[in-house]
Each structure stands twice: as C-alpha cells, then as structure tokens.
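For reference, the structure discussed in these notes is given below.
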Amino acid sequence: MRVPYAVGLDRGSSAQLPARRLLIAHTLLGIGILFPSLPGVAIPGSPIQQVSSPASAMLRTEPSTEAVLVARRAFEAFDRRQLPLADALFTQTIEEWRRLNRSVEELTTLLVARANVRVDRKEFAAAVADLDEAINLMSPTGTGPSGVARYREFPDAFVQRGLAREGLRDWVGAVSDYDRAVSLWGGEGGGVNPYALTYRGRARSEVGDLDGALLDFQRAAGIFSSVDKNNNQAAAARAQEAVTLYGLGRRDEAVRIARQVITRTPGFTDLHVMLAADAWSVGDRDNAFREWEFACESISTGCRNYKDIQWLTEVRRWPPELIERQRRFLERRPPSSVGS
Numbered sequence: 004m005r006v007p008y009a010v011g012l013d014r015g016s017s018a019q020l021p022a023r024r025l026l027i028a029h030t031l032l033g034i035g036i037l038f039p040s041l042p043g044v045a046i047p048g049s050p051i052q053q054v055s056s057p058a059s060a061m062l063r064t065e066p067s068t069e070a071v072l073v074a075r076r077a078f079e080a081f082d083r084r085q086l087p088l089a090d091a092l093f094t095q096t097i098e099e100w101r102r103l104n105r106s107v108e109e110l111t112t113l114l115v116a117r118a119n120v121r122v123d124r125k126e127f128a129a130a131v132a133d134l135d136e137a138i139n140l141m142s143p144t145g146t147g148p149s150g151v152a153r154y155r156e157f158p159d160a161f162v163q164r165g166l167a168r169e170g171l172r173d174w175v176g177a178v179s180d181y182d183r184a185v186s187l188w189g190g191e192g193g194g195v196n197p198y199a200l201t202y203r204g205r206a207r208s209e210v211g212d213l214d215g216a217l218l219d220f221q222r223a224a225g226i227f228s229s230v231d232k233n234n235n236q237a238a239a240a241r242a243q244e245a246v247t248l249y250g251l252g253r254r255d256e257a258v259r260i261a262r263q264v265i266t267r268t269p270g271f272t273d274l275h276v277m278l279a280a281d282a283w284s285v286g287d288r289d290n291a292f293r294e295w296e297f298a299c300e301s302i303s304t305g306c307r308n309y310k311d312i313q314w315l316t317e318v319r320r321w322p323p324e325l326i327e328r329q330r331r332f333l334e335r336r337p338p339s340s341v342g343s
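The working numbering applies: residue 4 is where the sequence shown begins, and numbers increase by one.
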C-alpha cells in the first residue's frame, strides 16, 4: 500500500493549490454582500464598504435579476474549473457593475475573482492588471493610522498579485508584494498569514536571499503549528526549511530536519529524494537506495519528476548543490567524485 503524497509547498506542483485556494476563499467572503441570498460572512459596516461617497451611493443602481444570475454563474463556473466560461462571465459582470456604479467592495471582489481565474489560465499579466485595479480601489481606506490593514481583503490582494507575478517570474515584484502584505498584517506575530510567508520564502530564494527565505519558512512553520494547529502545513514549511538549509551549505541541519519531518509525515517525496542524494554523496549506498525506493515505490505520486534534472532546475528549482548530488546519484557516479 502506497503512502499518500504529502500536500505541501513544493514548487511547480499542484501541492500549492490548496494554500492558494484558502487565500482566494478569504477574498471572496464578500459574496454574501454581492448576492444576499448566498451564504457569506461579510461584516456590515466593514471599512471596505465605506469607500464610496454618499453622493456616489445615491447614483448607484441595483443590478437586475439577470445580472445577478450571470454573476452567480461566474462563481459557479470558477468552482467547477470551467475557466474560459468563468472569465467571460466575470468580465460581463464587471462591465455591468461599473455601469451601475456599484460599490468598491463589490467591484474589488469581482476583480480579484477574475484575477484568480486568469492565474489558473496562466494569463498572469492580465491577472496582475486586475489586481492593480483592485489594490488601487482599496488603497484610500485600506490602512489605519498604524499602517495595519483595516480589512483582510487588502493584504490578501497583495498576496494574490505576488502569486501572479511569480507566474511572470517577476520574483523581485513578488517579494515586494509579499513584503507589503506582511506589513499590513502587522509584520510580526501570529496575525501574519503563514501561507504568505511560505510564498515570500520561495520568492526570496529565487532572488538569492536564502537567509531571508529560511526565516520565512521557520516563522511559517511556527504559526502553522502554534496558531493554526495545522500540522501538515507546518511539516511542509519545515520541508522547505530543510531544502533551504541545504542550499546554504548547512547540510547536517538540513538532514536532521528532513528526517524529523518524514518520521511524522512520510509522504514528502522531496525529502526522501534529498536524503537519497545526500546519502549517496557520502558513500552510504544502503540508505541512498532505501530512500530512493521509498520515494519511487511507496509514495502515491512516485519519483518520475526527480529523474529529470531539467525539472529539478527549472520547475522544482532545487539548490544547485543538491541538484548536482541528485545528478550523480542518478548516474551512479562514485561518491568520491563529488566536488571534483
């Protein structure tokens, strides 16, 4: 019987999807205000509802029953992964909501929803444009005197734009957006969204800031564990921590953490392969083959991708030293040649 793949934070895999979906869901909690008959948890009187002036509110027109049905169909299509249809329906709804002079809250909810459809369609530049507009609309009321966000949708929009910028490989822009989101959550403590920290850690590693990435993964693991009580995501963040430590040349710490994680959560292919490559590099053939066999035969997703150096380099984006050790393991080159 195979061990299920551990849903985590590996680059380039659908494992990121659940984390991203949570942020999307938080952003779309305003659906209940858009369509009162739908369940929602939006807070009456929330600052995001008070952006428009009284004069603007007087000019606002209620959407027709047909327009509301189109909007509902847009969300339903997104939920069913009918992405081209969802994009078209959101576009139709956004145009109608602009014509009716609907509230900033409703328009930003629709823009963020369409942006996430476009991210899933890999139309990253269009997604960034939607999020630029949503952020600009929220900016006048988004922060309080202390600089902390007044409502959750504001920092969430920066996180979403950071994810879209990752799709464009704009890592510097992504880090900037994640920095802004973290500052809007207060910068420290359990109020920071730990998913955003893991995203920033990934982007920081892309710009060469491995020390900063390490801190983000460590902080995320702590929040997932102590605040969210989400042990699976805490393990995923620690897995990223182990790989980052390896990239920093702190091999012993990386191996120790990797072993701790797979003891409790054995389905992390990434860590079993890392340990296999590491064991091979120090002449421990038995452990190298044991870890590799477990990754290939005992985890539901198998190890096919880890046989592809191009995938490791361009998609998974492992640290160069770890990639080289995996290459030597795959080629069964003798350990004594490592570093030669």
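By construction, the Cβ of each residue, glycine as well, lies at the ideal position given by its N, Cα and C atoms.
Treat the numbers as computed from the prediction; the structure is a model and nothing was measured.
Have a look at residue i and residue j and give me their C-alpha separation to the nearest angstrom.
i: A152; j: V230; result: 20 Å
i: W100; j: S208; result: 40 Å
i: T201; j: D219; result: 6 Å
i: P42; j: V71; result: Its pLDDT being 33, under 50, P42 is placed unreliably by the model, and nothing is read from it.
i: L325; j: A280; result: 7 Å
i: E98; j: A239; result: 41 Å
i: E91; j: A77; result: Position check: residue 91 holds Ala in this sequence, whereas Glu was assumed. Cα to Cα, the separation comes out at about 8 Å.
i: N308; j: L315; result: 8 Å
i: I265; j: N235; result: 11 Å
i: A282; j: S228; result: 29 Å
i: D133; j: P322; result: 33 Å
i: R203; j: E136; result: 22 Å
i: G35; j: I226; result: A caution first: G35 carries a pLDDT of 44, below 50, which makes its placement in the model unreliable, though a value can still be read off. Roughly 29 Å separates the two Cα atoms.
i: R335; j: R293; result: 15 Å
i: L113; j: P269; result: 40 Å
i: L88; j: R121; result: 11 Å
i: E79; j: V115; result: 15 Å
i: I138; j: R320; result: 30 Å
i: Q329; j: G189; result: 40 Å
i: F157; j: F332; result: 47 Å
i: D180; j: A257; result: 29 Å
i: V178; j: A206; result: 6 Å
i: S106; j: E65; result: 11 Å
i: L162; j: S186; result: According to the sequence displayed, residue 162 carries Val and not Leu. Their Cα atoms are separated by approximately 12 Å.
i: E126; j: T144; result: 29 Å
i: G147; j: R155; result: 12 Å
Go ahead and pull the three-state DSSP assignment for residue i.
i: T112; result: helix
i: S40; result: Its pLDDT being 37, under 50, S40 is placed unreliably in this model, and the value from its coordinates should be taken loosely. In this structure, S40 counts as coil in the three-state DSSP scheme.
i: E324; result: helix
i: V210; result: coil
i: V195; result: coil
i: W174; result: helix
i: R63; result: coil
i: P158; result: helix
i: G165; result: helix
i: R253; result: coil
i: W188; result: coil
i: R336; result: coil
i: V230; result: coil
i: Q329; result: helix
i: D311; result: coil
i: T316; result: helix
i: T201; result: helix
i: T268; result: coil
i: A28; result: Summary for A28: the model assigns pLDDT 40, below 50, so the residue's position carries little reliability; its value from the coordinates is reported in the next sentence. Three-state result, A28: helix.
List the endpoints of the continuous alpha helix (DSSP H) containing residue i.
i: I138; result: 127-141
i: R293; result: 288-296
i: N235; result: 234-250
i: D281; result: 272-284
Per DSSP, residue i forms a beta bridge with which residues?
i: A152; result: T146
Is residue i near the ligand HEM, in the sense that its beta carbon is under 8 Å from a heavy atom of that ligand?
i: R168; result: The ligand HEM is not part of this structure, which contains no ligands at all.
Discussion item. Please give the ranges of any alpha helix (DSSP H) in the stretch 79-123, keeping only runs that are unbroken, at least 4 residues long and fully inside the region.
Written reply: Those alpha helix (DSSP H) runs which fall completely within the stretch 79-123 and span 4+ residues are 86-102, 107-123.
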